[in-house]
Structure formats: structure tokens, C-alpha cells
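The end of the sequence shown is residue 858 by our numbering, with every number in the run present.
No residue lacks a Cβ here, since even glycine has one placed at the ideal position from N, Cα and C.
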Amino acid sequence: MGSDTPVFAKKLYKSDKELTAQTAVCGGVTKVTVALTASPKDNGAQLRCEATNAALPAPLTALTTLNLLFPAWEVRGWANPRSVEVEHVVTLTCESSVSVPPSTITWYSANALDQPSSRHSPGSFGGTVTR
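So this is what it looks like as C-alpha cells:
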């Protein structure tokens, strides 16, 4: 085929925004690459590659979804009530910021805690808040 082979134009998109990419042709194969610094907000983002040329009636497309793993970046803790007398009950709460997979909260004390439990709730970026 040689020089008669139609040239492909390829573009990469993240959530419908075109990305700045590097294009290389080797042995008749066009390769387009992009370097991304992923952040939690990119979790679930759709990536799309489009290839077009004069011989195609419509662009060829390939889709993939970013599934990121990221740790909690913050943890908070508090007691209720804030002041408690000896032999009275106090509730201790610890909450992580969003993470994928959900965080595990473990309490350490000289005395065992009475049935510590965790709850998970949906958070931003497709992650989970652990409490």
C-alpha cells in the first residue's frame, strides 16, 4: 500500500475535552499518547480516542473509564458530649474524608471500646466517607 494508505488523524478526549497529545507514526501505525496527572475528581471520567481519515464515513472511536484508587486525605475526630464525668457514657466519632476503596477506621485504647462500628456513605468523586 505504501504512500497510498490514508493517513489517520487521532484525537484523545477526557469528558469531551480534547487533550494535548503526542503523535508518533511507526511502521504504518499511528500512536497517540497523553500523560495525565490524575486526581480524585478524575474518577469515573470517560476517555475517548477518535480516529478519522478520508476513507472512513465516520470516526472510529474507543472508550474507557478511569477507575481511580485514592486514600483519604483527612481524618477528624470528636467526643459527644465534649465533657464527660467518670462512669458516664461518651460517644467517640472518627470520620475520614472521601476515599476509594473505603477507609478502615480502627480505635486503639488501653481499654477495649464497646462495640466500635463503621458506617460508609457516598462521597464526592465516586468515593466513600467512612465514619
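Problem set entry | Same chain only: Cβ atoms within 6 Å of W805, ignoring 5 sequence neighbours per side | T820
Exercise. Considering G754, what are the terminal residues of the beta strand (DSSP E) in which it resides?
Worked result: Taken as a continuous stretch (DSSP letters only), G754 belongs to no beta strand (DSSP E), as it is neither H nor E.
For this session: List the residues that DSSP assigns as beta-bridge partners of Y740.
Result: E745 and R775
Problem set entry | Beta-ladder partner(s) of T865, from DSSP | In this structure the chain extends from 728 to 858, so residue 865 is not present and cannot be described.
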